[in-house]
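Residue numbering for the sequence shown is -22 to -1, 1 to 139, as defined by mature numbering (1 follows the signal peptide of the UniProt record, and there is no 0).
Beta carbons: idealized from backbone N, C-alpha and C, even for Gly.
Read the structure below first, then the notes.
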Amino acid sequence: MKTSQKAFVAIAGLAMCTFAMAAPAFAQSAFAGMHGAWSGSGTISLSDGSKERLRCRASYRVSAGDSSLQQSLRCASDSYKFELSSDVVSEGGRVSGSWSETSRGVSGSLQGRASGGRINVVADSPVFTANIVLTTTGNKQSVTITSQGDIRQVSIAMVKS
């Protein structure tokens, strides 16, 4: 797997953690209601036009004040498998944090804005940048990641277990 693909797979995992930041519009904080186990599936679209299904399980721990989130995520497709962890903070509509994908040794930062049940984030690493749009409605979450690399788009949906 190319370095850009490894970074994008890690970013895809990052997106799974960051879309936990998109709380319903009536929630008081970005992480309210996110604590617990989540699972879901989606697709990875490659630059050659092919697609693969992706399966994920996540565990989220939210601080007592709902201002920070620690996440652990495992995802797999037919060709990829990754484990991601992240620490994310939300303050005044701004979202920031760090992430790492342990099996490939890829890490980076993220930042963006949250408003209602939607956030827009840019995730960076030394070898990769992705735009992420996240939406939450009730106990359902969706994420779309776009990039100019070998992996062009990731679309994922999860539900709280």
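What is the rounded straight-line gap between the Cα of residue i and the Cα of residue j?
{"i": "Thr21", "j": "Val137", "result": "16 Å"}
{"i": "Ser81", "j": "Leu51", "result": "12 Å"}
{"i": "Ala108", "j": "Ser133", "result": "13 Å"}
{"i": "Ala135", "j": "Ser120", "result": "4 Å"}
{"i": "Glu79", "j": "Tyr38", "result": "16 Å"}
{"i": "Trp16", "j": "Gln49", "result": "11 Å"}
{"i": "Gly83", "j": "Glu61", "result": "10 Å"}
{"i": "Lys59", "j": "Ala92", "result": "29 Å"}
{"i": "Leu112", "j": "Lys29", "result": "21 Å"}
{"i": "Arg130", "j": "Ile97", "result": "20 Å"}
{"i": "Ser76", "j": "Ala101", "result": "9 Å"}
{"i": "Ser46", "j": "Asn117", "result": "19 Å"}
Would you mind sorting residue i into buried or exposed? The rule is 16 or more other CB atoms within 10 Å of its CB.
{"i": "Val40", "result": "buried"}
{"i": "residue 140", "result": "Here the chain has residues from -22 to 139 only, and residue 140 is not among them."}
{"i": "Ser139", "result": "exposed"}
{"i": "Gln89", "result": "exposed"}
{"i": "Val66", "result": "buried"}
{"i": "residue 198", "result": "Given that the chain is displayed from residue -22 to residue 139, the structure contains no residue 198 and the question cannot be resolved."}
{"i": "Ala1", "result": "Residue placement at Ala1 is poorly supported in this model, since its pLDDT is 38, which falls under 50; the coordinates still yield a value, given next. Flag for Ala1 reads buried."}
{"i": "Gly127", "result": "buried"}
{"i": "Ser64", "result": "buried"}
Is the beta carbon of residue i less than 8 Å from the beta carbon of residue j?
{"i": "Gly86", "j": "Ser74", "result": "no"}
{"i": "Arg33", "j": "Ser19", "result": "yes"}
{"i": "Ser55", "j": "Arg72", "result": "no"}
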